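**Student:** Okay, here's the structure, questions in a sec.
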Amino acid sequence: METIDKELLRGGQFLVKETKCEDVFTLEDLSEEQKMMRESTKEFVDRELWAHWERFEKKDYAYTEETMRKAGELGLLSVAVPESYGGMGMGFVSTMLVCDYISGATGSFSTAFGAHTGIGTMPITLYGSEEQKQKYVPKLASGEWFGAYCLTEPGAGSDANSGKTKAVLSEDGKYYSITGQKMWISNAGFCSLFIVFARIGDDKNITGFIVENDASNGISMGEEEKKLGIHASSTRQVFFNDTKVPVENMLSERGNGFKIAMNALNIGRIKLAAACLEAQRRVIGEATKYANERIQFKTPIINFGAIKAKIANMATNCYADESASYRAAKNIEDRIAMRQAAGNTHQEAELKGVEEYAIECSILKVAASEDVQNTTDEGIQIFGGMGFSADTPMESAWRDARIARIYEGTNEINRMLAVGMLVKKAMKGHVDLLGPATKVGEELMGIPSFDVPDFSELFAEEKDLLARLKKVFLMVAGSAVQKYGPELENHQQLMLSAADILIEIYMAESTLLRTEKNAKRFGEEAQDTQIAMSRLYLYTAVDIIIQKGKEAIVSFAEGDEQRMMLMGLKRFTKYTNHPNVVALRTQIADRVAADNGYTFD
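The sequence shown begins at 1 in UniProt numbering and counts up one residue at a time.
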C-alpha cells in the first residue's frame, strides 16, 4: 500500500486551505491495471447493455437480472469487496471507475448495479460481524445472490429515521418478528437478501437487519411500479408480516440503523455522481455524431453557433464532474489507507474514510445529477424531433436521468446537508471557518488594494478569483451563522443559496487543478481545450455565485451591513480580464466535433 506523504486535507477544508495541483488525483493518473479494468467494463457495456438498450425500455426485468449475473461472472460486482470474502479488494478509485463506466448505457442496469453493490452489499461489509460477512458477502460478490435495501416507507422518505416498521423480540430471545411496509425497493423482484431497517420498541433510532428473501416467512411484494424512467429496474413495495429474523442477523447493534443508513448513503452519493459521468459522455457522443451528420440549410448543424454552445456546455460540465468526482474518490482512498496504516480494521477505515468526506459526497451527488439531466435535455434538443422519439435513445436517457436528483437523498436534502455538515465540522474544530470568516470581515472594513497582480502564469487570474470566491462563502455563511447560530437549519432558502456557492467553488477548483496538473505534465498546448473548459466553467460558476450571494445577502442583512456585504460580493467576484465566452465555447465544440464525441476521459 502506498504511503501518503502529502498533507491530506480533511473533508470541507478545501474552503480554507489551498490545494496544490500535484495533490489532486485525475483520470489521467489511472494505473495500467485501472485502464484495463475500464476497457473491459466498457466492452461489457457495449456488448450486453448498449446493444440491447431497447430491451430495458420494454421493461425486460429478466434481462436486467441476466446481465447482472454476467457482470457477477466477470467479477464486476466484487471490485469493492475485500479478498477475504471473495472480492477483488480494490481501492476506492477502482470501485468508482467501474461504477462510472458500467452506468452509461441504461439507468435500469446502473440502478440495479448501484443498489446491489452499494447499499445492498456495503452495509454488511462495513457493519456486519465476521460470521455475517463470511455467510453472505461471497454470494453477493459473485452475483449468486442479489441484495436490496429497505429503508423508505410510505410515511418515511427524506425523514429516514421516522419509519414505522417494527421489530419485536420473541419470548425465547432467539429471533425478531419484523412487520411493516417498505416502498421503492430497487432489485426487490429478484433479490435474495434485504437490508431492512425497523424500530425495536420505542427506540429513538431504527435498527438494521439482514433478512433473507423467503415468501414463506411473511414476505410479500407489490406489483412492479410504473415509473417515468429506469423501466427495467425492478422496483416494488415489500411487505413484512411477522417475518422471523434470527437475532444473530441484527446488523451492528441495536439503534445503530440510522447511522448505517446515513453512512451507506454517503458512499451511495459519490457512487451516484460516478454513475452520472459515462451517461454524460455517451449522450455527448451521440449528440455530436448526429450534429455532424444532420444537414440543414446545406450544412451540418454542428456548424451553427447555437449547437456549438450546447455541445461546449455539455462537455465542460462533464469534465468538471469527472475532475471533482475522482479528486474526492482519491481523498477517500488515501484517508482509508492512512487509517489502516494507523491500525484501523478495513471496516473502521472505510467507514471513517468516507464519513470524513461526506460534504464532498453531497456536493458531487447534486452537481453530477443536475448536469446529467441538463445534458440529456440538450441531447434531445440537438436531435430535434428525433430526440423526442422513443426510437432514438435520447428520450430514455432523459427519463432515466430524472431519478438521480431524487434517490440517495433528494438534491434539496443534500444541499442542506453539505452546509449543515460544514457548520457542524466548524463547531467541532475540524474545519476552521470562524478564523478565516473573521479575516474576511476585517478585509471588508479595510481599503481594497488596487494593485493588479501578475497574471502571466497559467490560471494565475483564475486562482486569484477562486480564492476570492471562497471569501464570498465565508462572508455569507459566516454572517448567517453569527446571526442564526444553530437555528440556521430552519432558514432553508439561505442554506440552499450557501450550498450553491459551496458546490460551485468545489467543482470549479477541482476542474482548474486537474487541468493545471495535466498542463504541467503534458504541456499547455496538449491541454488547450481543457484550459478552455476550465475557464468556461469558472465563468459560469462566478455568475451563479453572484446571483446566490446577492439573494442571501439581501434576505438576511440590512442597512450598512447589507451595503458592506454587497460591496464585498462585487469586489470578490470581479474579473480583471474577462474571458471571451463565445470563443471558449467555439473552441471546445470544435474539438468535440473533430473527435466526434467526448474524448477527455
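Note that the Cβ used here is the ideal one computed from N, Cα and C, for glycine as well.
Nothing here was measured: the structure is a model prediction, and the numbers come from that model.
Considering just the uninterrupted stretch of the beta strand (DSSP E) at M36, what are its terminal residues?
**Tutor:** No beta strand (DSSP E) contains M36, which is instead part of the alpha helix (DSSP H) from 32–44.
**Student:** Considering only residues of the segment 298–380, which uninterrupted alpha helix (DSSP H) runs meet the minimum length of 4 residues and lie entirely inside it, listed in chain order?
**Tutor:** Complete alpha helix (DSSP H) runs here, min 4: 305–341, 346–356.
**Student:** Taking Cβ positions, are F240 and I219 nearer each other than 8 Å?
**Tutor:** Against a cut-off of 8 Å, the Cβ pair of I219 and F240 comes out as a contact.
**Student:** So, helix, strand or coil for S186, using DSSP?
**Tutor:** Of the three classes helix, strand and coil, the one that applies to S186 here is strand, per DSSP.
**Student:** So, helix, strand or coil for K166, using DSSP?
**Tutor:** If DSSP states are grouped into helix, strand and coil, K166 belongs with the strands.
**Student:** Considering only residues of the same chain and omitting the five flanking positions on each side of V245, which have a CB-CB separation below 7 Å?
**Tutor:** Hits under 7 Å: Y175, Y176, I178, F209, V211.
**Student:** So for A156, helix, strand or coil by DSSP?
**Tutor:** Here A156 sits in strand by DSSP.
**Student:** Based on Cα-Cα distance, which residue from A557, P453, E144 lies nearest to residue 643?
**Tutor:** Nothing about residue 643 can be reported from this structure: the residues present for the chain run from 1 to 601 only.
**Student:** Which same chain residues, not among the five before or five after K17, have their C-beta less than 7 Å away from its C-beta?
**Tutor:** Within the same chain, K17 has close Cβ partners L9.
**Student:** State the DSSP-derived secondary structure class of R254, mapped to helix, strand or coil.
**Tutor:** The answer is coil: DSSP assigns R254 none of H, G, I, E or B.
**Student:** Check whether the Cβ of R399 sits closer than 7 Å to any heavy atom of the ligand ADP, and report yes or no.
**Tutor:** With respect to the ligand ADP, the structure offers nothing, as it holds no ligand at all.
**Student:** Hey, would you say S100 sits closer than 8 Å to A324, going by beta carbons?
**Tutor:** Note on residue identity: the sequence assigns Asp, not Ser, to residue 100. Their beta carbons are not under 8 Å apart, which means D100 does not touch A324 by this criterion.
**Student:** Rounded to whole angstroms, what's the CA-CA distance from N313 to K139? Just pull it up for me.
**Tutor:** One C-alpha to the other measures close to 43 Å.
**Student:** What separation, rounded to the nearest whole angstrom, lies between the Cα atoms of D159 and F14?
**Tutor:** Between D159 and F14, the C-alpha separation is close to 29 Å.
**Student:** Residues in its own chain within less than 8 Å of N490 by CB, not counting five upstream and five downstream?
**Tutor:** Result list for N490: Y484, in chain order.
**Student:** When DSSP labels each residue in this structure, what does A198 get in the three-state scheme?
**Tutor:** Three-state result, A198: strand.
**Student:** Verify the CB distance criterion: does A324 have a CB-CB separation below 8 Å to chain D?
**Tutor:** Of the chains in the structure shown, none is chain D; there is only one protein chain.
**Student:** Flag this pair as yes or no: are the beta carbons of A498 and A477 separated by less than 8 Å?
**Tutor:** Result yes, Cβ atoms of A498 and A477 sit closer than 8 Å.
**Student:** Counting only runs of 4+ residues fully inside the segment 88–145, write out the alpha helix (DSSP H) ranges in chain order.
**Tutor:** With a minimum length of 4 residues, the continuous alpha helix (DSSP H) runs that stay inside the segment 88–145 are 92–102, 107–114, 122–127, 130–142.
**Student:** With 16 as the cutoff for other CB atoms within 10 Å, does A383 come out buried or exposed?
**Tutor:** Correcting the residue type first, residue 383 is Phe in the shown sequence and not Ala. Buried.
**Student:** Go ahead and pull the three-state DSSP assignment for M1.
**Tutor:** Caution is warranted here: a pLDDT of 40 is assigned to M1, below 50, making its placement in the model unreliable, and no coordinate value can be reported.
**Student:** Would you mind stating whether I195 and G268 have Cβ atoms separated by less than 8 Å?
**Tutor:** Going by C-beta atoms, I195 is not nearer than 8 Å to G268.
**Student:** Ignore the nearest five residues each way along the sequence and tell me which others in A557's own chain have a CB closer than 7 Å to its CB.
**Tutor:** Hits under 7 Å: S479, M565.
**Student:** Roughly how many angstroms lie between the CA atoms of M445 and I588, to the nearest whole one?
**Tutor:** Distance between the alpha carbons of M445 and I588 is about 41 Å.
**Student:** Should L228 and Y136 be called a contact, given that it needs their Cβ atoms to be closer than 8 Å?
**Tutor:** No, these two residues do not count as a Cβ contact at 8 Å.
**Student:** With a 10 Å radius around its C-beta and 16 neighbouring C-beta atoms as the bar for buried, classify G75 as buried or exposed.
**Tutor:** With 16 or more Cβ atoms within 10 Å of its Cβ, G75 is classed as buried.
**Student:** Please report how far the alpha carbon of A552 lies from the alpha carbon of H578, in whole angstroms.
**Tutor:** Near 25 Å, if we compare the C-alpha coordinates of H578 and A552.
**Student:** When the Cβ atoms of the segment 286–304 are set against those of the segment 113–130, are three or more pairs found closer than 8 Å?
**Tutor:** They do not touch, by the three-pair rule.
**Student:** Are there three or more Cβ pairs, one per stretch, closer than 8 Å when the segment 275–286 is compared with the segment 394–404?
**Tutor:** Cβ pair count under 8 Å is three or more, so yes.
**Student:** Using the three-state DSSP reduction, which class does I230 fall into: helix, strand or coil?
**Tutor:** The answer is coil: DSSP assigns I230 none of H, G, I, E or B.
**Student:** Once you ignore the five residues that flank T410 on each side, which residues in its own chain have a CB closer than 8 Å to its CB?
**Tutor:** Result list for T410: S158, in chain order.
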